[in-house]
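Note that the protein sequences, when read in sequence, are chains Y and Z. According to my numbering, the first sequence is numbered sequentially starting from -17. According to my numbering, the second sequence is numbered sequentially starting from -17. Built from N, CA and C at the ideal position, the CB exists for glycine as well.
Number of protein chains: 2
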Amino acid sequence: MKDMTKTTREYVHGYSEREHRRLRDQSQTLAGLLHNDTIYPAGSHVLEAGCGVGAQTVILAKNNPQSHFTSIDVSPASVNAAQAAAARAGLTNVTFQTADIFNLPFSGASFNHVFVCFVLEHLKQPGEALRRLKSVLKLGGTLTVIEGDHGSTFFHPRSDAAWRTIQCLIDLQAAAGGDALIGRRLFPLLRDAGFRDVTVSPRFVYVDASRPAWGDGFTHNTYIAMVEGVREPALAAGLIDQPAWEKGIADLKASAGPDGIFCYTFFKAVAMIT
Amino acid sequence: MKDMTKTTREYVHGYSEREHRRLRDQSQTLAGLLHNDTIYPAGSHVLEAGCGVGAQTVILAKNNPQSHFTSIDVSPASVNAAQAAAARAGLTNVTFQTADIFNLPFSGASFNHVFVCFVLEHLKQPGEALRRLKSVLKLGGTLTVIEGDHGSTFFHPRSDAAWRTIQCLIDLQAAAGGDALIGRRLFPLLRDAGFRDVTVSPRFVYVDASRPAWGDGFTHNTYIAMVEGVREPALAAGLIDQPAWEKGIADLKASAGPDGIFCYTFFKAVAMIT
């Protein structure tokens, strides 16, 4: 959900204020599930590649006050927003920089660890990105990658109409060169990029009526908001017509209702270089 | 994967020796993931409804040596097989009985706990089954339900052909009155049957090349074997032609190979009556 492509126009979710709010909502709800086990040894130098508007930066830097983060993004506007978010959070252990994963302004073996979250899904060459990041890692360092997988989505009540709205997002992301279903293939991606000891740990999100905070925070404000975010481009590209879109979104919203169930899987991988 | 329908002919997986072996393979691999947290207080009387060939019975009874199990199934042949499996395992805390969930030969409030695994998916009236089971539970007792959800399946490499073979199984199960995607809706099913404090805990199976025991035991010997088990009825019903079937199975097998990823979600629910 951040942009590491060359031109910011390709970023499927756009750069609106509403989208910034969505990314912050998302990070609040998911923080525990995705990030609680990312704790670096004191004194670590960590590269966060693709920090976006700083949603993960703030969590990581708070969870690791004894480490220093260098957080980069290819979009200057996102870097500015991330810097402001870090300042609001009172963080002093992050340095921000506008930079491109494919043209890293660091010498080899500059970092103890690298962290990449919701970035590879947007890249045409995720394997090459991993190789570039590997080149700035010290021996014995770790790479942590977190990605979603929209193909892991399922819900109740079942609805083909709802699925078609999700498919619009998948198709638009593919048209931009990305892969919204990349989560499932982190293991071969990391292994083929030359990493060792690749360990993938899926993070399954399950929401029913007994978990209203997740229904609001994840199903509604994160996932459905993400799908709704591609309404205009999906209609403009002729991927779907307006009545089908409205029906699909209404059905998706039912999955966050009192009889609804919503399931989604994130994948977190940790790999070493040796 | 057991039959509680009125006639055994409706059971989608059939009753072959190969199928019995598959059910035993499956229970070995999944035992830890699905059953390790089902521990009853000493002295409990537990009804296992739909014991099938005893795959789960053996695990449950071993994990709970101080409890007594009454294990029923609508198929006399399955009950015989289950009884033999329990004898081979040296179990003395299980009583077997041929009986139908919809016509239970027990008086009200006979059991401290009820356990149902891979049964509701085969029933035309799963909600009614839950109400019947509730009627033989003592106040304060628990019902534990475990079901799969074939719609939760996803894998790498992606393949529409592979998906079509899975869809054959889903369609055949639906034609027999069942629902191979029932796992996701355990929460509303239990709540609407009058249970309280329903807690659903998804059990996510993730298999990559670093987990060969799961690739063999689950992806290949359990899941793909299950799909392959409906080859003849799927072809006979005209749901798919033979070349498409072979291609789909070959693609599914690639998901258990060195570059493959396989994901599946089971749902376990525990509910109370008060």
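Compute the Euclidean distance between the alpha carbons of residue i and residue j, then round it to the nearest angstrom.
{"i": "serine 237 of chain Z", "j": "aspartate 142 of chain Z", "result": "13 Å"}
{"i": "glutamine 79 of chain Z", "j": "glutamine 38 of chain Y", "result": "56 Å"}
{"i": "glutamine 155 of chain Z", "j": "aspartate 161 of chain Z", "result": "6 Å"}
{"i": "methionine -17 of chain Y", "j": "alanine 226 of chain Z", "result": "In this predicted model, methionine -17 of chain Y has a pLDDT of only 39, less than 50, meaning its place in the structure is not dependable; the value taken from the coordinates is given anyway. Cα-Cα distance, rounded: 37 Å."}
{"i": "aspartate 241 of chain Z", "j": "leucine 119 of chain Y", "result": "25 Å"}
{"i": "isoleucine 206 of chain Z", "j": "valine 252 of chain Y", "result": "29 Å"}
{"i": "arginine 88 of chain Y", "j": "aspartate 82 of chain Y", "result": "According to the sequence displayed, residue 88 of chain Y carries phenylalanine and not arginine. Taking the straight line joining both Cα atoms gives about 11 Å."}
{"i": "arginine 178 of chain Y", "j": "arginine 113 of chain Y", "result": "13 Å"}
{"i": "alanine 91 of chain Z", "j": "valine 28 of chain Z", "result": "11 Å"}
{"i": "alanine 111 of chain Y", "j": "glutamine 107 of chain Z", "result": "52 Å"}
{"i": "valine 40 of chain Z", "j": "tryptophan 145 of chain Z", "result": "33 Å"}
{"i": "asparagine 18 of chain Z", "j": "alanine 191 of chain Y", "result": "26 Å"}
{"i": "valine 23 of chain Z", "j": "isoleucine 243 of chain Z", "result": "Looking at the sequence provided, one finds proline at residue 23 of chain Z rather than valine. When rounded, the distance between both Cα atoms is 39 Å."}
{"i": "glycine 197 of chain Y", "j": "leucine 12 of chain Y", "result": "12 Å"}
{"i": "leucine 102 of chain Y", "j": "tyrosine 246 of chain Y", "result": "18 Å"}
{"i": "glycine 239 of chain Y", "j": "serine 117 of chain Y", "result": "47 Å"}
{"i": "serine 49 of chain Y", "j": "threonine 77 of chain Y", "result": "12 Å"}
{"i": "valine 182 of chain Z", "j": "phenylalanine 169 of chain Y", "result": "29 Å"}
{"i": "isoleucine 231 of chain Z", "j": "aspartate 174 of chain Y", "result": "26 Å"}
{"i": "alanine 59 of chain Z", "j": "leucine 163 of chain Z", "result": "27 Å"}
{"i": "phenylalanine 248 of chain Z", "j": "glutamate 129 of chain Z", "result": "6 Å"}
{"i": "alanine 100 of chain Y", "j": "glycine 36 of chain Z", "result": "First, the amino acid is wrong: residue 100 of chain Y is phenylalanine here, not alanine. Going from the Cα of phenylalanine 100 of chain Y to the Cα of glycine 36 of chain Z covers about 44 Å."}
{"i": "serine 57 of chain Y", "j": "proline 215 of chain Y", "result": "21 Å"}
{"i": "leucine 105 of chain Z", "j": "phenylalanine 136 of chain Z", "result": "25 Å"}
{"i": "valine 212 of chain Z", "j": "histidine 132 of chain Z", "result": "14 Å"}
Just to confirm the assignment, what range does the alpha helix (DSSP H) spanning residue i have?
{"i": "glutamate 214 of chain Y", "result": "213 to 218"}
{"i": "glycine 109 of chain Y", "result": "108 to 117"}
{"i": "arginine 193 of chain Z", "result": "Note, arginine 193 of chain Z: premise wrong, no alpha helix (DSSP H); not H, not E."}
{"i": "lysine 228 of chain Y", "result": "The residue asked about is misnamed: residue 228 of chain Y is glutamate in this sequence, not lysine. It spans 224 to 236 - the alpha helix (DSSP H) in which glutamate 228 of chain Y sits, taken as one unbroken run."}
{"i": "glutamate 210 of chain Z", "result": "207 to 210"}
{"i": "leucine 163 of chain Y", "result": "That residue, leucine 163 of chain Y, is in no alpha helix (DSSP H); it is neither H nor E in DSSP."}
{"i": "aspartate 257 of chain Z", "result": "In this structure chain Z extends from -17 to 256, so residue 257 of chain Z is not present and cannot be described."}
{"i": "threonine 204 of chain Z", "result": "Here threonine 204 of chain Z belongs to no alpha helix (DSSP H), and DSSP marks it neither H nor E."}
{"i": "valine 40 of chain Z", "result": "37 to 45"}
Mark residue i as exposed unless 16 or more other C-beta atoms lie within 10 angstroms of its C-beta, in which case mark it buried.
{"i": "arginine 166 of chain Y", "result": "buried"}
{"i": "glycine 72 of chain Z", "result": "exposed"}
{"i": "leucine 121 of chain Y", "result": "exposed"}
{"i": "histidine -5 of chain Z", "result": "buried"}
{"i": "asparagine 46 of chain Z", "result": "buried"}
{"i": "arginine 70 of chain Z", "result": "exposed"}
{"i": "glutamine 149 of chain Z", "result": "buried"}
{"i": "alanine 63 of chain Z", "result": "buried"}
{"i": "asparagine 94 of chain Y", "result": "buried"}
{"i": "asparagine 203 of chain Y", "result": "buried"}
{"i": "proline 184 of chain Y", "result": "buried"}
{"i": "proline 194 of chain Z", "result": "exposed"}
{"i": "isoleucine 54 of chain Z", "result": "buried"}
{"i": "aspartate -15 of chain Z", "result": "Residue placement at aspartate -15 of chain Z is poorly supported in this model, since its pLDDT is 33, which falls under 50; the coordinates still yield a value, given next. Aspartate -15 of chain Z is buried by the Cβ-count criterion."}
{"i": "serine 134 of chain Y", "result": "buried"}
{"i": "alanine 219 of chain Y", "result": "exposed"}
{"i": "threonine -13 of chain Z", "result": "With a pLDDT of 33 at threonine -13 of chain Z, under the threshold of 50, the modelled position of that residue is not reliable, and no figure is offered here."}
{"i": "threonine 74 of chain Y", "result": "exposed"}
{"i": "serine -2 of chain Z", "result": "exposed"}
{"i": "arginine -9 of chain Z", "result": "Only weak support exists for where arginine -9 of chain Z lies, its pLDDT of 44 falling under 50; the value from the coordinates is given anyway. With fewer than 16 other Cβ atoms within 10 Å, it is exposed."}
{"i": "alanine 68 of chain Z", "result": "buried"}
{"i": "glutamine 65 of chain Y", "result": "buried"}
Can you check DSSP and say which residues form a bridge with residue i?
{"i": "lysine 250 of chain Y", "result": "Y:Ile128 and Y:Ser183"}
{"i": "phenylalanine 137 of chain Y", "result": "Y:Phe244"}
{"i": "glycine 50 of chain Z", "result": "For clarity, residue 50 of chain Z is histidine in the given sequence; the question names glycine instead. Paired residues: Z:His27."}
{"i": "arginine 178 of chain Y", "result": "Y:Met254"}
{"i": "tyrosine 22 of chain Y", "result": "BP columns for tyrosine 22 of chain Y are empty, so no partner."}
{"i": "aspartate 55 of chain Z", "result": "Z:Thr80"}
{"i": "tyrosine 188 of chain Z", "result": "Z:Cys245"}
{"i": "asparagine 85 of chain Y", "result": "Y:Asp82"}
Below 8 Å on the Cβ atoms is my contact criterion, and I expect residue i with residue j to pass it. Report the Cβ-Cβ distance as a whole number of Å.
{"i": "glycine 123 of chain Y", "j": "isoleucine 255 of chain Y", "result": "6 Å"}
{"i": "phenylalanine 97 of chain Y", "j": "leucine 15 of chain Y", "result": "Not confirmed; about 16 Å, so no contact."}
{"i": "valine 189 of chain Z", "j": "threonine 201 of chain Z", "result": "5 Å"}
{"i": "threonine 147 of chain Y", "j": "leucine 217 of chain Y", "result": "Actually they do not touch by this definition, with Cβ atoms about 11 Å apart."}
{"i": "valine 127 of chain Z", "j": "leucine 86 of chain Z", "result": "Actually they do not touch by this definition, with Cβ atoms about 16 Å apart."}
Where do the ends of the beta strand (DSSP E) carrying residue i lie?
{"i": "asparagine 94 of chain Z", "result": "93 to 99"}
{"i": "threonine 77 of chain Y", "result": "76 to 80"}
Legend entry - chain B contacts made by the region 147 to 167 of chain Y, where a contact means CB separation under 8 Å: The structure shown contains no chain B; its protein chains are Y and Z.
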